[in-house]
Each structure stands twice: as C-alpha cells, then as structure tokens.
Amino acid sequence: MCGYTWDPAADELIDLVDGDLLALTTRDPATHGSWREALGSYRSFHAVLAYRLAHHVLTTARHRGACNQHAYLLARRISEQAKVETGVELHPAARIGPRFVVDHGSGTVVGEGVVIGSDCYLLQCVVLGSLKIADNLPHRRHPTLGDRVEVGAYARILGPLTIGDDTIIGSHALVRDDVPPQSRVSVLNAYQVTAGRTDLAITGVEAVSQDRFRVYGEGLHDPALRVEPEFAAGDGELPVAIVGRGGDHLLLQVPGMAVNRRAPVRLNGRDGGSVGLVLPNVWPTEPGPASAPRTGTDQ
C-alpha cells in the first residue's frame with residue numbers, strides 16, 4: 003500500500019480476535035465450549051474475523067499516512083468477500099469494541115458509521131443502519147451501542163441514536179430513539195398497513211383505561227375514518243367506537259374488553275387505505291404520558 007507493509011499479525015489485532023473467539027465459545031452453548039469448533043466452522047465468527055482484518059487495514063493505513071485510497075479498496079474487498087461467504091455485512095469503517103459476537107448472523111448488517119462498545123452480542127438479521135433509504139448526507143447517520151448490549155433477531159436500530167449500556171433489544175423491535183442504560187426494549191404491537199391515496203399510519207397505542215385506548219399516528223384527523231373489529235363473526239365480536247380525536251390521535255372505546263383478551267381492530271380511510279392494529283390487554287392504573295413510541299422500554 004504505497005510503500006507501506008501491513009502486518010496482519012500485529013499484537014492488537016491478535017488480542018481482539020482472541021477476545022472475540024473466547025466470547026463466542028463461552029457465551030454460545032452451541033459451541034460446546036470448543037474454540038476449535040467455532041474457529042473451524044462458524045461462518046458468523048469468520049465474518050467478525052474478516053471485519054477485524056479489514057478495519058485494521060483501514061485504520062493502520064490512516065495512522066501511518068499510507069495511501070488511504072488503496073487501503074480503503076483493500077478493506078472493502080475483504081469486507082465484500084466476507085459478506086458473500088458468510089451472509090454478514092460488517093462495514094470496515096465501523097468501530098466495534100472487544101469481545102464482539104455475531105450469533106447465527108445471516109442477514110446482519112452493520113453500517114459505516116456504527117459504533118459498538120465492549121461485550122456486545124448480535125443475532126441474525128439485525129440491522130444497524132440509517133433512517134433514509136437513499137441520498138443520505140455524509141454526517142452521523144448510524145446508531146451507537148454502549149457496552150454489553152444484546153440485540154435479538156430481526157431487530158432494526160436506525161438513525162443517529164444511542165443505546166445505553168446493559169440494554170437488551172428484543173427480536174423484531176424497531177428502535178428509532180435513544181434508549182437509556184439498563185433497559186429492555188420489546189415489541190408491544192404489530193401493524194399491517196394498506197396504503198391508499200392518502201397517508202394513514204399508526205405510530206403507537208396507549209391504554210388510558212380498561213376499555214379506552216389512545217391511538218397515535220398520521221391521517222387520523224379525517225372525519226370519514228371508520229373503525230371496526232377484526233373478530234370473525236361468531237367469535238364474540240366486541241364493539242369499537244371512536245369517542246374522541248385530536249390532531250395526531252384517536253380515542254377508541256371497546257366496551258366489555260376482557261382482561262385477558264386483546265382486541266384486533268382495523269381503521270379504514272375513505273380512499274381505501276387501512277391499517278390494522280391490536281389493542282393490548284394491559285392497562286396502567288392512571289393515564290400515561292401523551293406519547294407512545296413504537297417500541298416499549300422498561301427499566
């Protein structure tokens with residue numbers, strides 16, 4: 003690289019790789035505690051190993067003043083080849099702390115600007131990316147994970163947010179806001195949206211009493227909006243009514259809501275757009291704050 007000889011056996015690189023391998027064999031019981039099994043057969047570990055090599059090439063060249071263009075090209079070639087062989091994409095410019103584990107791994111993507119602390123653990127199909135799809139500006143657009151963060155399968159953490167230390171992100175969670183340390187983030191509701199000519203979207207649901215729910219979203223101000231239950235006939239259909247509305251929310255009432263029963267409902271717009279949601283069966287003793295994120299965070 004422009005006259006600079008890169009040392010793949012540098013002490014700091016070997017220490018990081020040793021720590022990653024030890025973390026995998028001690029934390030994943032499927033390895034049976036065998037570093038030889040993990041090193042010889044685990045594609046997810048090979049992805050982490052390739053990342054360490056690519057990142058070392060990139061950062062060493064920058065520190066030594068070597069040709070950045072050549073170093074970046076080599077680092078990306080290592081990363082792209084690893085993506086093809088392992089199904090895991092770890093950008094070489096991401097900053098990942100020691101004892102990092104990717105378990106199973108297929109479909110996991112870690113973007114260029116991601117920062118990950120020490121002792122973090124990711125499962126398959128985790129995406130640490132940006133909010134926009136295309137034409138992102140060249141500033142901070144990726145998340146930062148603290149130390150000892152665990153991320154479940156299919157979770158998506160998007161944007162320039164910060165996940166605090168010792169936090170667990172549950173599977174299938176969509177996280178778009180900062181999460182404080184020692185939190186657990188889990189999916190409370192799943193939404194299916196059928197788009198019409200106008201925007202109709204749900205961003206959160208808040209229980210305000212045993213049979214009343216505040217639904218937040220976009221396009222809810224339309225007076226022609228209709229709400230109906232999604233129980234099939236004969237299954238004890240519960241009546242659902244809109245009893246109040248604001249600029250960004252509806253107040254729904256479900257009389258006779260059973261404590262151990264959830265209520266699937268559907269909101270239908272005048273243009274054919276609709277969105278389905280499930281009203282939860284757990285309520286606070288008094289009204290909560292006037293906000294409702296897509297994911298739930300409890301200490």
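In this text, residue positions in the sequence shown follow my numbering: the first is 3, and each later residue adds one. All C-beta atoms, glycine included, are put in the ideal place defined by N, C-alpha and C. Note that the structure is predicted; figures quoted are calculated from it, not measured.
Helix, strand or coil at residue i according to DSSP, with G and I counted as helix
i: residue 219; result: strand
i: residue 58; result: helix
i: residue 251; result: strand
i: residue 74; result: helix
i: residue 46; result: helix
i: residue 205; result: strand
i: residue 243; result: strand
i: residue 265; result: strand
i: residue 169; result: coil
i: residue 278; result: strand
i: residue 31; result: helix
i: residue 160; result: strand
Straight-line gap, residue i to residue j (C-alpha atoms, nearest Å)
i: residue 141; j: residue 112; result: 16 Å
i: residue 277; j: residue 87; result: 39 Å
i: residue 62; j: residue 55; result: 10 Å
i: residue 208; j: residue 147; result: 28 Å
i: residue 227; j: residue 247; result: 11 Å
i: residue 15; j: residue 133; result: 32 Å
i: residue 235; j: residue 255; result: In this predicted model, residue 235 has a pLDDT of only 39, less than 50, meaning its place in the structure is not dependable; the value taken from the coordinates is given anyway. Near 20 Å, if we compare the C-alpha coordinates of residue 255 and residue 235.
i: residue 79; j: residue 59; result: 11 Å
i: residue 167; j: residue 185; result: 8 Å
i: residue 268; j: residue 175; result: 22 Å
i: residue 83; j: residue 157; result: 24 Å
i: residue 257; j: residue 224; result: 23 Å
i: residue 44; j: residue 139; result: 36 Å
Cβ neighbours of residue i in the same chain (closer than 6 Å, five flanking residues each side left out)
i: residue 25; result: 101 and 103
i: residue 91; result: 85 and 111
i: residue 270; result: 228 and 276
i: residue 178; result: 160 and 161
i: residue 108; result: 89 and 126
i: residue 281; result: 215 and 265
Buried versus exposed call for residue i [16 or more other C-beta atoms within 10 Å across all chains shown]
i: residue 265; result: buried
i: residue 42; result: exposed
i: residue 144; result: buried
i: residue 245; result: exposed
i: residue 31; result: exposed
i: residue 305; result: Only positions 3 to 301 of the chain appear in the structure, and residue 305 is not among them; the question remains open.
i: residue 34; result: exposed
i: residue 20; result: exposed
Close Cβ partners of residue i (< 7 Å) along its chain, the five nearest in sequence each way excluded
i: residue 125; result: 105, 106, 153, 154 and 155
i: residue 180; result: 163 and 164
i: residue 95; result: 60 and 114
Contact set for residue i: own chain, Cβ-Cβ below 8 Å, skip 5 residues either direction
i: residue 218; result: 204, 205, 206, 207, 208, 250, 251, 293 and 294
i: residue 242; result: 229, 230, 231, 254, 255, 256, 265 and 267
- Task: Please specify which runs of the beta strand (DSSP E), each continuous and at least 3 residues long, are wholly inside the region 99-155, giving them in chain order.
- Result: You should have 129-131.
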